[in-house]
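Colleague:
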Amino acid sequence: MTNALIRLPRSVKKGEVFEVKTLIQHPMETGFRAGTNGTTIPRDIIEEMICTYNGVEIFRMKLSSAIAANPYVSFHTVATESGTLYFRWTGDNGFKVEETARITVA
Amino acid sequence: MDQALTRRRFLARSGAGAAGAALVSLMPFAPAEAAPDDLARAIKEVVGSARLNTGKVTLDIAPLVENGNTVPMKVMVESPMTAKDHVKAIHVFNEKNPQPYVLNATLGPRAGRAAIATHIKLRESQKIVAVAEFSDGTFWTAGADVIVTIAACVEDLLQ
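First to last, the protein sequences are chains P and U. Going by the numbering used here, the first sequence opens with residue 1, and the numbers climb by one from there. Going by the numbering used here, the second sequence opens with residue 107, and the numbers climb by one from there.
1) Taking the C-alpha atoms as reference points, what is the distance between residue 16 (chain P) and residue 165 (chain U)?
2) Measuring only the C-alpha atoms, how far is residue 71 (chain U) from residue 51 (chain P)?
3) Figure out for me which residue from U:253, U:220 and U:238 has the closest Cα to the Cα of residue 157 (chain U).
4) Please go through the same chain and pick out, in chain order, the residues whose beta-carbon is closer than 7 Å to the beta-carbon of residue 161 (chain U), but skip the five residues on each side of it.
5) When you compare the CB of residue 204 (chain U) with every CB in chain P, is at least one pair closer than 9 Å?
6) Check residue 213 (chain U) in the structure and name its three-state DSSP category.
7) Since I believe residue 171 (chain U) is in contact with residue 254 (chain U) (beta carbons under 8 Å), could you give me their beta-carbon distance rounded to a whole number of angstroms?
8) Can you tell me whether residue 90 (chain P) is helix, strand or coil according to DSSP?
9) Which chain P residues are close to residue 208 (chain U), counting only those with a beta carbon under 8 Å from its beta carbon?
10) Decide yes or no for the touch test of the segment 206-223 of chain U against the segment 67-81 of chain P: beta carbon pairs closer than 8 Å, at least 3 of them.
11) Please report whether the beta-carbon of residue 71 (chain P) lies at a distance below 9 Å from any beta-carbon of chain U.
12) Beta strand (DSSP E) containing residue 5 (chain P): first to last residue?
13) Flag this pair as yes or no: are the beta carbons of residue 225 (chain U) and residue 178 (chain U) separated by less than 9 Å?
14) Kindly indicate if chain P contains any beta-carbon less than 9 Å away from that of residue 157 (chain U).
15) Could you work out which residue in U:220, U:258, U:242 and U:232 is closest to residue 60 (chain P) when comparing CA atoms only?
16) Restricting to Cα atoms, I'd like to know which of U:112, U:240 and U:184 is closest to residue 195 (chain U).
17) Could you work out which residue in P:19, P:14, P:10 and P:23 is closest to residue 4 (chain P) when comparing CA atoms only?
18) Using a beta-carbon distance below 9 Å, is residue 60 (chain P) in contact with chain U?
19) Taking the C-alpha atoms as reference points, what is the distance between residue 93 (chain P) and residue 258 (chain U)?
20) Let me see if you follow: with CB-CB separation under 9 Å, is residue 177 (chain U) close to chain P or not?
21) Whole angstroms is fine: what's the gap from residue 209 (chain U)'s alpha carbon to residue 29 (chain P)'s?
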């Protein structure tokens, strides 16, 4: 089972910029490495990550083979109102993981 | 005579074996290396005919990295991040990994601050380049040279 971790501040003030930290389990196999029998291990990476804040897209990132295994990504956003941050990671071999996190805006 | 033949045979065989092993270990990488030209080409694809200015972008990465498999990296861009004036995208490129792209992040005024962080892989000591695309169509860049002591994707070469 794939694990995704989201770290948000416990509460933020309206208009405040806060950091969103994400971590997801994934081997990020580059597709450039040779296996035990000399054949290339096929590529298996997360290709894209998206974050929406109450349905509005606030961040999108295209990943490549050059992103380390178990991708850590952090970005910022402005606290507009209390609600839900939705995250989606998609990649090779039909990889798709969704996660949500609550944010409380005081 | 017999002994010489055996020795010769042995040498020939071991020589061929060594060459074969070297070939196998180099094969997956040799043709796939991103040359500095690829770096320039990849940047050109993003920037197009626009001018690439130096400044506004801070690329925070350790100058000496022990393990190329996981290298923490931060990109910060000076911008008010308003609807009129914000960073639209941050692109990161590398010089000597098998392909020149690292990431491209799409931001907007909702980001509040144009700062992202992640962990990357580096195959060897090389140059990293971050390019920020602003809403007014300008491009700003910063680069960093990184020395890597243990490269990423080296484990399969040691088998």
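Using N, Cα and C, we set each Cβ at its ideal position, and we do this for glycine too.
Modeller: Working from what's here:
1) 24 Å
2) Since the first and last residues shown for chain U are 107 and 265, residue 71 (chain U) lies out of range.
3) U:238
4) 246
5) yes
6) coil
7) 5 Å
8) strand
9) 64, 66 and 67
10) yes
11) yes
12) 4-7
13) yes
14) no
15) U:220
16) U:240
17) P:23
18) yes
19) 23 Å
20) yes
21) 16 Å
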